[in-house]
Amino acid sequence: MEPTIFDVAQAAGVAASTVSRAFNKPGRVNEATRQRIVAAAAQLGYQHRPQNRALPGPRHRTIAMVLSDITNPHFFELIRGAEQRAKASDITLVIVNAEESRRIEENQIRDLASSVDGFLLASSRLRDEILRDLAKLHRIVLFNRELPGLTSVTFDTAAGCQQILEHLASLGHQNFTYCAGPPSSWMGAARWAALSAGAEAHGLTAHRIGPYTPNVANGGAAADGALRTDVTAVVAHNDLLAIGIIRRLAQRGVRVPADISVIGFDDIFAADFVHPSLTTLAGPGSHAGRLAVELVIEQFAARQGEGEAIRLPTELVLRESSGPAERRA
4 MEPTIFDVAQ AAGVAASTVS RAFNKPGRVN EATRQRIVAA AAQLGYQHRP QNRALPGPRH
64 RTIAMVLSDI TNPHFFELIR GAEQRAKASD ITLVIVNAEE SRRIEENQIR DLASSVDGFL
124 LASSRLRDEI LRDLAKLHRI VLFNRELPGL TSVTFDTAAG CQQILEHLAS LGHQNFTYCA
184 GPPSSWMGAA RWAALSAGAE AHGLTAHRIG PYTPNVANGG AAADGALRTD VTAVVAHNDL
244 LAIGIIRRLA QRGVRVPADI SVIGFDDIFA ADFVHPSLTT LAGPGSHAGR LAVELVIEQF
304 AARQGEGEAI RLPTELVLRE SSGPAERRA
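In this note's numbering, the protein residues as written are 4 to 332.
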């Protein structure tokens with residue numbers, strides 16, 4: 004495979020954007036750094052061509068959708084919507100699994116950079132500076148992540164969390180525990196920020212435990228941790244974790260929702276089949292997928308601009324796992 008600008012950046016120990024400047028605007032790069040980059044490029048056999056830069060139109064008619072975890076059902080509707088929109092424009096959508104790893108995500112992007120026209124990064128775990136460097140060279144749209152200057156599609160976290168808080172307060176709850184997901188999850192941090200900031204106004208006390216890997220298997224540890232906080236409600240990072248919490252509470256003889264209410268995020272298909280069925284915050288996943296691909300396609304006509312943050316509405320789907328708070332002596 005022909006070496007890319009990212010291979011040169013890694014070999015020279017600099018950002019990809021610095022490599023780009025070294026070849027296209029050498030006067031803006033320190034001479035010693037430029038020479039190190041040129042030497043790394045020569046050693047790798049990298050050939051700089053003007054077309055290595057972002058082009059005004061699609062070359063491959065291919066978009067890569069990089070998912071933080073392809074096994075998470077939360078992405079199913081996103082993929083479906085993205086595929087529908089890509090097919091309508093005769094564009095191939097490539098699905099890539101980052102396995103909840105920053106290293107794997109960055110390597111996958113680097114390997115695909117020369118063979119796709121743009122990237123849709125879903126719940127990216129990459130650091131802000133890495134994303135900004137990528138956006139200087141490629142068409143990028145983020146999903147479930149916001150970063151000033153980059154185009155993104157998210158669900159309205161603040162409004163959604165307000166719905167959760169209002170629901171808990173209306174049921175007489177005075178406290179809840181948030182079971183956090185991966186530390187690198189932008190959306191997880193946004194959810195906790197909204198829940199903790201709005202709790203007091205609704206007469207609630209917010210606790211936070213974790214982080215936990217956001218899957219059913221780790222719901223057991225999250226449930227045990229939540230019980231130690233002695234609260235009447237639990238809000239989980241996502242539905243998978245919430246389902247695992249419900250299962251563990253049943254094993255321990257804790258009734259849901261009579262003893263403790265459980266709420267999740269994402270409204271995956273299994274939320275309606277777990278017992279008791281799961282109350283969860285839902286967003287229009289298929290629409291988000293179509294919109295995100297549309298935004299990548301729009302960038303075919305122009306270089307990445309200032310970017311826009313699009314927030315889609317959310318809806319709290321009320322099911323059996325949330326109910327009135329237990330009256331404790």
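C-beta: ideal position from N, C-alpha, C; glycine also.
By the 16-neighbour rule on beta-carbons within 10 angstroms, residue 276 is exposed. Put simply, the backbone Cα of residue 237 is about 10 Å away from that of residue 211. Note that the segment 191-206 does not touch the segment 249-267; fewer than 3 beta-carbon pairs, one per stretch, sit closer than 8 Å. Beta-bridge pairing by DSSP links residue 271 to no other residue. The count of Cβ pairs closer than 8 Å, one atom from the segment 83-94 and one from the segment 170-187, stays below three, leaving the stretches out of contact.
Contact check between the segment 312-332 and the segment 275-290: three or more CB pairs, one atom from each, fall below 8 Å, which counts as touching.
Each of 243, 292 and 265 was checked against the Cα of residue 272, and the nearest Cα belongs to 243. For the 8 Å CB-CB criterion, residue 122 and residue 133 do not form a contact.
Around the CB of residue 241, 16 or more other CB atoms lie within 10 Å, so the residue is classed as buried.
Along the length of the segment 160-220, whole alpha helix (DSSP H) runs at least 4 residues long occupy 160-173 and 189-202, reported in chain order.
DSSP lists 181 and 266 as the bridge partner or partners of residue 238. In this structure, DSSP gives residue 137 a helical state, which the three-state scheme calls helix.
With a 10 Å radius around the Cβ and a threshold of 16 neighbouring Cβ atoms, residue 35 comes out exposed. Going by C-alpha positions, residue 50 is about 10 Å away from residue 41.
Put simply, the segment 288-306 does not touch the segment 222-232. Fewer than three CB pairs are less than 8 Å apart. Here DSSP, grouped into helix, strand and coil, assigns residue 98 to strand.
Bounds of the alpha helix (DSSP H) holding residue 113 are 105-115. If you compare the alpha carbons of 247, 197, 64 and 193 with that of residue 215, the shortest gap goes to 247.
Shown here for residue 213: same chain residues with a beta carbon closer than 6 Å to its own, the five before and five after excluded, namely 182 and 183 in chain order.
In this chain, the alpha helix (DSSP H) harbouring residue 39 covers 34-47.
Leaving aside the five residues that flank residue 86 on each side, the residues in its chain whose CB is nearer than 8 Å to its CB run, in chain order, 96 and 292. Contact check between the segment 183-197 and the segment 141-149: three or more CB pairs, one atom from each, fall below 8 Å, which counts as touching. For the options 311, 185 and 303, the alpha carbon positioned closest to that of residue 72 is the one of 185.
Nearest C-alpha to residue 104 among 137, 89, 135 and 70: 70.
In its chain, beyond the 5 residues on either side, 197 have a beta carbon closer than 7 Å to the beta carbon of residue 161. Between residue 46 and residue 14, the CB-CB gap stays under 8 Å. Out of 98, 268, 278 and 310, the CA that lies nearest to the CA of residue 249 is found in 278. Linking residue 127 to residue 207 through their CA atoms gives a straight-line distance of about 31 Å.
The three-state reading of DSSP puts residue 89 in helix, counting H, G and I together.
Using a 10 angstroms sphere on the CB of residue 311, the tally of other CB atoms stays under 16, which defines it as exposed. Rounded to whole angstroms, residue 221 and residue 88 show a C-alpha spacing of 35 Å.
In this structure, the CA atom of residue 141 is about 8 Å from the CA atom of residue 116.
Considering only 43, 290 and 329, the residue with the shortest C-alpha distance to residue 315 is 290.
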